[in-house]
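Okay, so here's the structure we're looking at.
Numbering (our numbering), first residue to last: 631 to 834.
This is the structure in structure tokens:
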């Protein structure tokens, strides 16, 4: 905290997170901290991030895929984002520090190289949110609905079908025609299977 001006990532330049906050990804290992904060800066600079939790999630994914860093249980359980900002309170400036973390089970999933690679290939923030919020069943439901739509020629898609596609899929490469949509749906099934395998089927 003494070196916050150097270490913290300034969120003021992003339209979704422009509240003047500064964040720092914290972990028991200095090496892991260095990697996570470097990756978080890169992700924040290139992605349209909507929450600090998404920055943390995407940083863990990149850590698993790009660096292949193996973490111990203690480190996995103690990764968090420290958020620091100034507020005006009764005419005085006051520092506010918040902490954001993910459930240990979610951290384990994001650090699994196969799952992280699958999420990176999918590339959709809507799917990442389902994982972060442990809404795993919705990944399967989304894949099933998109598979049904993709089974028809793209020219015959109705307004409600296109609206659903546009609300769930942000990348054109995943939705430009029925073939791409079918491949995207298959990727969701694969991700769902990987999560089920990793968690031993003990979830809903």
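Backbone N, C-alpha and C fix where the C-beta goes; we use that ideal spot for every residue, glycine too.
Alpha carbon to alpha carbon, what distance is there between residue j and residue i?
| i | j | result |
| --- | --- | --- |
| residue 727 | residue 749 | 30 Å |
| residue 684 | residue 759 | 7 Å |
| residue 674 | residue 765 | 24 Å |
| residue 720 | residue 730 | 26 Å |
| residue 789 | residue 800 | 17 Å |
| residue 746 | residue 638 | 25 Å |
| residue 688 | residue 680 | 12 Å |
| residue 795 | residue 805 | 7 Å |
| residue 784 | residue 797 | 17 Å |
| residue 662 | residue 704 | 12 Å |
| residue 834 | residue 773 | Confidence at residue 834 is low in this model, with a pLDDT of 44, below 50, so its placement is unreliable and no value can be given for it. |
| residue 658 | residue 782 | 51 Å |
| residue 826 | residue 755 | 20 Å |
How about residue i and residue j: are their beta carbons less than 8 Å apart?
| i | j | result |
| --- | --- | --- |
| residue 665 | residue 690 | no |
| residue 706 | residue 736 | no |
| residue 741 | residue 701 | yes |
| residue 769 | residue 732 | no |
| residue 780 | residue 811 | yes |
| residue 699 | residue 656 | no |
| residue 714 | residue 723 | no |
| residue 757 | residue 739 | no |
| residue 652 | residue 667 | no |
| residue 752 | residue 669 | no |
Mark residue i as exposed unless 16 or more other C-beta atoms lie within 10 angstroms of its C-beta, in which case mark it buried.
| i | result |
| --- | --- |
| residue 717 | exposed |
| residue 776 | buried |
| residue 778 | exposed |
| residue 654 | buried |
| residue 697 | exposed |
| residue 682 | buried |
| residue 814 | buried |
So if DSSP puts residue i in a beta bridge, which residue, or which two residues, is it bridged to?
| i | result |
| --- | --- |
| residue 582 | Nothing can be reported for residue 582, as the shown portion of the chain is limited to 631 through 834. |
| residue 730 | 711 |
If you measure from the beta carbon of residue i to each beta carbon in chain B, is any gap under 8 Å?
| i | result |
| --- | --- |
| residue 675 | Among the chains of the structure shown, chain B does not appear; only one protein chain is present. |
_Please give me, in chain order, every unbroken run of the alpha helix (DSSP H) with length at least 4 that falls completely inside the region 667-728._
Within the region 667-728, the complete alpha helix (DSSP H) segments of 4 residues or longer fall at 682-692 and 703-707, listed in chain order.
*Could you give the uninterrupted runs of the beta strand (DSSP E) lying entirely in the region 759-823, keeping only those of 3 residues or more?*
Under the rule that a run must span 3 or more residues, no beta strand (DSSP E) segment is found entirely inside the region 759-823.
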